[in-house]
DNA sequence: CCGGATCCGGGTTGATACTG
DNA sequence: CAGTATCAACCCGGATCCGG
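Chains as they are written, first to last, in our numbering: chain A, 249 to 458; chain B, 249 to 458.
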């Protein structure tokens, strides 16, 4: 991208991360940790391969991303955020918070990846009963299941199913996101096609708003 | 901008404000309040007039900007942020914080406008002695002077000179920004060409970091 | 399969000129 | 003052290809 050539912190930041796709690449690396090139491609549906290669080079040059040869026997290169890149977490969080209301009226045919759920989970959900035994919620909404679990007060996500989930949430992404963020009531979502197996209290334990 | 077509809050936010120039237009409206078209042009050196018109239309459509006929006798249209647009303040702040270190090594020929100083001032400076009488610092670094003043605990900026400033800061933007944010010591900046008239304590009262 | 490079058509941006 | 018109240059998206 051409520089804005303005002596302003915002303009300088946008010189680095204002390009198309750039912040979405950062999102992938924030949510998934070190990624292979093809992991990034799968998490960024619609990106052209030359653009991904270009952006990774630019981000590396800017000190946001580091490229590393994975230790044997993996034999592939991994892309990961530097500490400077991880500092973009706050930017991604604020943009995500601002964009969250736009998820209320979803367009059809929007792509979806299960791990994107980690964004609202990390920034909205809290364990309101850290004194209680930890809980696990399995979410089935994208192509792959993912798991939400409490770990001494924090709420984490990880890919894959849970061994013994306290609850299982199944349905379209808008319903799952609506319920998790508390925008949609459980009964309301059920009427729209969401399936929830488990104690509603399990859900309330991590939902925002009180 | 083409939509990313991803069911993700970050992607949805970038669908609206991810276009080139868009967040800089929001910056102008955040820092200066309601603006005329030509005010925006002067605050966005380098923008093409057709792009400014396009972006304003898109932002209006997205509910971020409102266009209003100014009350007589002004007889001009004013552009201002809606409440949704003002909510982008947090986004601009985080991006500005992230970009601030990039101001340390300035390129020559970067454009500068005095009112851009309001960004670091709003987000970094605090009045550490709200019990004391208010103070006023005049800054002369761009084409026009601007004034920093404490108002019961908060630090504000306004365009124009101060009537009876407690201090006057004169010099190139990198020096002024460096001193205000505390990255540069006053003596260090003086050696580099900054002029400071007044009690150094006046400066310390609002500088960040203790 | 992985990690790109290359090529091409079309859309967007940027600079300038012009207008109600 | 607040844009529109025009046009060249550049960037993006999609497809294809290629060396490990």
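All C-beta atoms in this analysis are idealised placements derived from N, C-alpha and C, irrespective of residue type, glycine included.
CB contact below 8 Å: residue i versus chain A
i              : result
residue 358(B) : yes
residue 441(B) : no
residue 305(B) : no
residue 314(B) : no
residue 254(B) : yes
residue 463(B) : The displayed coordinates of chain B run from 249 to 458. Any statement about residue 463(B) would go beyond what the structure contains.
residue 340(B) : yes
residue 300(B) : no
residue 326(B) : no
residue 257(B) : yes
residue 293(B) : yes
residue 426(B) : no
residue 329(B) : no
Residue environment, residue i, which counts as buried when at least 16 other CB atoms sit within 10 Å
i              : result
residue 315(A) : exposed
residue 325(A) : exposed
residue 406(A) : exposed
residue 379(B) : exposed
residue 331(A) : exposed
residue 412(A) : exposed
residue 345(B) : buried
residue 281(B) : exposed
residue 254(B) : buried
residue 421(A) : buried
residue 270(B) : buried
residue 333(A) : buried
Contact belief for residue i with residue j at Cβ below 8 Å, rounded distance in angstroms
i              : j              : result
residue 342(A) : residue 259(B) : Their Cβ separation, rounded to whole angstroms, is 15 Å, which puts residue 342(A) and residue 259(B) out of contact at 8 Å.
residue 297(B) : residue 372(B) : Actually they do not touch by this definition, with Cβ atoms about 33 Å apart.
residue 465(A) : residue 252(B) : Beyond the ends of chain A as shown, which are 249 and 458, falls residue 465(A); an answer cannot be given.
residue 397(B) : residue 381(B) : Not confirmed; about 11 Å, so no contact.
residue 277(B) : residue 313(B) : 7 Å
residue 409(B) : residue 418(B) : Residue 409(B) to residue 418(B), Cβ: 12 Å. No contact.
residue 423(A) : residue 441(A) : 6 Å
Distance, residue j Cα to residue i Cα
i              : j              : result
residue 431(B) : residue 358(A) : 45 Å
residue 300(B) : residue 274(B) : 12 Å
residue 386(A) : residue 268(B) : 39 Å
residue 263(B) : residue 416(B) : 43 Å
residue 438(A) : residue 348(A) : 21 Å
residue 307(B) : residue 401(B) : 34 Å
residue 414(A) : residue 284(A) : 33 Å
residue 450(B) : residue 434(B) : 12 Å
residue 303(A) : residue 250(A) : 14 Å
residue 427(A) : residue 384(A) : 16 Å
residue 377(B) : residue 336(B) : 30 Å
residue 453(B) : residue 399(A) : 42 Å
residue 403(A) : residue 363(A) : 14 Å
residue 457(A) : residue 448(A) : 15 Å
residue 467(A) : residue 455(A) : Nothing can be reported for residue 467(A): it is not among the residues displayed for chain A, which extend from 249 to 458.
residue 444(A) : residue 436(A) : 12 Å
residue 317(A) : residue 328(A) : 11 Å
residue 323(B) : residue 309(B) : 23 Å
residue 286(B) : residue 425(B) : 26 Å
residue 350(A) : residue 257(B) : 7 Å
residue 361(B) : residue 374(B) : 22 Å
residue 305(A) : residue 272(A) : 15 Å
residue 340(B) : residue 311(B) : 17 Å
Neighbour flag for residue i against chain B, beta carbons, 8 Å
i              : result
residue 261(A) : yes
residue 296(A) : no
residue 369(A) : no
residue 336(A) : yes
residue 333(A) : no
residue 374(A) : no
residue 275(A) : yes
residue 413(A) : no
residue 281(A) : no
residue 393(A) : no
residue 354(A) : yes
residue 446(A) : no
residue 457(A) : no
residue 421(A) : yes
residue 351(A) : yes
residue 348(A) : yes
residue 430(A) : no
residue 288(A) : no
Fill in: the segment 367-380 of chain B contacting the segment 280-300 of chain A, beta-carbon criterion three pairs below 8 Å
no
Worksheet item: So, do the segment 349-357 of chain B and the segment 384-392 of chain B have three or more beta carbon pairs nearer to each other than 8 Å?
Response: no
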